[in-house]
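Protein chains in written order, with UniProt numbering: chain A, 1 to 226; chain B, 1 to 226.
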């Protein structure tokens with residue numbers, strides 16, 4: 001049984017790593033497409049989102065089969081359950097990258113980012129680029145140190161998100177109302193990708209250590225109101 | 001084994017119904033607090049969100065124990081796995097009601113809704129009230145017909161969300177930029193609660209019928225861009 005479990009779990013893990021890679025690529029591509037007003041690249045992100053949906057479905061099917069046939073317990077059970085949650089989170093992250101790409105597509109050939117918001121949005125996109133690399137490394141290696149880095153780093157993204165609110169309310173803002181909406185939503189989507197990455201990091205800690213860091217009481221990270 | 005499974009599953013289902021009731025109440029209270037600029041009620045919604053977080057954690061613990069000890073298969077397994085997903089969705093819905101309440105609290109004693117957006121936002125809150133009743137009935141009775149009603153009804157909420165975009169971009173809008181941000185975010189949070197309710201409805205269909213309606217290819221329902 002144990003050997004079969006390990007074999008089947010390896011296949012599920014490969015699916016999950018593939019999802020992490022696809023999400024990571026979508027984060028990079030949606031970010032670059034936004035900054036460069038690149039329609040083709042934005043469209044690719046939107047089209048590719050279906051791959052993540054399909055991979056989520058097949059990962060969950062595999063997990064159900066594993067649970068039914070192998071009756072995993074302890075660490076093995078924890079891994080299967082965490083894998084289902086991770087697949088759902090990656091699917092959601094894919095949706096968010098697609099939302100970013102949809103804004104890029106709608107405003108094209110204009111950039112969705114007016115000059116006065118450019119610096120902050122570019123900083124957020126740079127953050128996503130770095131995060132995407134960390135995410136794949138963490139998932140592939142079950143790297144708890146990297147998970148801690150991701151969890152600790154999220155505050156910086158929240159700060160940038162708050163900067164956006166101050167900026168669009170401030171004197172230097174000259175964008176249209178539509179641009180204001182787009183910038184606020186873009187910032188919100190990016191901030192949510194950060195939150196989901198933290199959730200992924202916590203699941204990785206949970207798989208490796210059995211300790212669920214979400215149970216440590218702490219303020220809701222997904223607070224959009226300064 | 002079977003008897004023990006049924007006993008333990010009953011306890012988990014009771015937890016899940018409790019979560020549905022708490023979410024339903026939070027949807028109603030956050031909506032009323034917003035419409036009436038009721039600080040006390042908004043604060044209660046924010047404070048009560050911790051109960052949902054705790055219930056999610058204990059529901060998932062119970063499910064892990066059930067999976068390890070009872071090795072459920074077929075319908076039973078489907079129910080346990082769906083229960084874990086539902087608990088996570090309810091927890092997220094609680095966060096969203098808390099976000100709505102936070103906006104109510106921040107703008108208090110002013111209403112967060114300027115006059116020109118009032119009609120549409122009130123229509124969205126009315127929608128939430130109706131949805132909250134449907135949600136508890138559906139979860140308590142595993143009511144597939146009600147699930148289908150919820151899934152089919154979500155388009156109406158999406159339309160209201162689109163109305164908000166048209167409204168804040170239109171000539172009749174006279175609110176401040178902060179009000180614009182608040183109205184767009186409120187609308188987005190309400191629309192997301194609708195999406196999550198659809199996800200809950202799909203899981204109920206999945207528990208009862210074994211058919212996963214999420215696998216039917218269809219456009220991403222969570223599209224915020226008109």
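Note that beta-carbon positions come from the ideal geometry of N, C-alpha and C, so glycine has one too. Nothing here was measured: the structure is a model prediction, and the numbers come from that model.
Practice problem: Output yes if chain A places a C-beta closer than 8 Å to the C-beta of residue 71(B); else output no. | Solution: Yes - at least one Cβ of chain A is within 8 Å of the one on residue 71(B).
Quiz item: Would you call the stretch 9 to 28 of chain B and the stretch 80 to 93 of chain B in contact, with 3 or more CB pairs under 8 Å?
Solution: The stretch 9 to 28 of chain B makes contact with the stretch 80 to 93 of chain B; the number of CB pairs closer than 8 Å reaches 3 or more.
Exercise. Take residue 168(A) as the anchor and find which of 132(A), 117(A), 54(A), 159(A) has the nearest alpha-carbon.
Key: For the residues 132(A), 117(A), 54(A), 159(A), the minimum Cα distance to residue 168(A) belongs to 117(A).
Quiz item: For residue 158(A), which option in 120(A), 134(A), 129(A) has the closest C-alpha, if you only look at C-alpha atoms?
Solution: Out of 120(A), 134(A), 129(A), 120(A) has the C-alpha closest to the C-alpha of residue 158(A).
Practice problem: Please list the partners that residue 184(B) has in chain A, where partner means a Cβ-to-Cβ separation under 7 Å. | Solution: Residues of chain A passing the Cβ test: 181, 184.
Quiz item: Quick one: is residue 39(B) near chain A, going by C-beta distance under 8 Å?
Solution: Closer than 8 Å: no.
Exercise. Check whether the stretch 38 to 45 of chain B touches the stretch 98 to 105 of chain B, taking contact to mean three or more Cβ pairs, one atom from each stretch, closer than 8 Å.
Key: Yes, since at least three Cβ pairs between the stretch 38 to 45 of chain B and the stretch 98 to 105 of chain B fall closer than 8 Å, the two stretches touch.
Self-check item: Within-8 Å CB hit, residue 169(A) to chain B
Solution: By this cut-off, residue 169(A) is an interface position.
Quiz item: Is the CB-CB distance between residue 12(B) and residue 62(B) below 8 Å?
Solution: The answer is yes: Cβ separation under 8 Å.
Quiz item: So is residue 161(A) buried or exposed if we call it buried at 16+ other beta carbons inside 10 Å?
Solution: Residue 161(A) counts as buried, since at least 16 other C-beta atoms from the protein chains shown sit within 10 angstroms of its C-beta.
Quiz item: Which chain A residues are close to residue 77(B), counting only those with a beta carbon under 7 Å from its beta carbon?
Solution: Neighbours of residue 77(B) on chain A, chain order: 64, 67, 68.
Quiz item: In terms of alpha-carbon separation, which member of 136(B), 8(B), 27(B) lies closest to residue 66(B)?
Solution: Among 136(B), 8(B), 27(B), the Cα nearest to that of residue 66(B) belongs to 8(B).
Quiz item: Using the beta-carbon count (16 or more within 10 Å), is residue 28(A) buried or exposed?
Solution: So residue 28(A) counts as buried.
Quiz item: In chain order, what residues of the same chain lie with their CB nearer than 7 Å to the CB of residue 143(B), ignoring the 5 residues before and after it?
Solution: 137, listed in sequence order.
Exercise. Can you check the UniProt domain "PhoU" (16 to 103) of chain B for any beta strand (DSSP E) of at least 3 residues that lies completely inside it and give the ranges in chain order?
Key: For secondary structure counted as the beta strand (DSSP E) over 3 or more consecutive residues, the UniProt domain "PhoU" (16 to 103) of chain B holds no complete run.
Quiz prompt | Proximity below 8 Å, CB of residue 206(A) to CB of residue 82(A) | solution = Cβ distance < 8 Å, so residue 206(A) and residue 82(A) count as in contact.
Quiz item: Name the chain B residues whose beta carbon is nearer than 9 Å to that of residue 165(A)?
Solution: Within 9 Å Cβ-Cβ: 178, 181.
Quiz item: Does DSSP put residue 125(A) in a helix, in a strand, or in coil?
Solution: Residue 125(A) sits in a helix when the DSSP states are folded into three classes.
Exercise. Output, in chain order, the set of chain A residues within a Cβ distance shorter than 8 Å of residue 27(B).
Key: For residue 27(B), no chain A residue has a Cβ inside 8 Å of its Cβ, as the nearest lies near 17 Å away.
Exercise. Please decide whether residue 218(A) counts as near chain B, where near means a Cβ-Cβ distance under 8 Å.
Key: Bear in mind that a pLDDT of 46 at residue 218(A), under 50, signals an unreliable position, so the number given afterwards is only what the model happens to contain. No, its Cβ sits nowhere closer than 8 Å to a Cβ of chain B.
Quiz item: Under a three-way DSSP split, which group does residue 142(B) fall into?
Solution: The answer is coil: DSSP assigns residue 142(B) none of H, G, I, E or B.
Self-check item: Coil, strand or helix - residue 151(B) by DSSP
Solution: Judged by DSSP in its simplified three-state form, residue 151(B) adopts helix.
Self-check item: Min CB distance residue 93(B) to chain A below 8 Å
Solution: No, residue 93(B) does not count as interfacial toward chain A.
Quiz item: In the structure shown, what three-state DSSP assignment does residue 8(A) receive?
Solution: DSSP, read as helix, strand or coil, puts residue 8(A) in helix.
Exercise. Could you check which residue in 127(B), 146(B), 25(B) has the C-alpha nearest to that of residue 192(B)?
Key: Checking every option, the nearest Cα to that of residue 192(B) belongs to 127(B).
Quiz prompt | Span separating the alpha-carbon of residue 179(A) from that of residue 114(A) | solution = Rounded to the nearest angstrom, the two C-alpha atoms are 7 Å apart.
Exercise. Specify, as a first and last residue, the run of the alpha helix (DSSP H) that residue 209(A) falls within.
Key: Residues 177 to 209.
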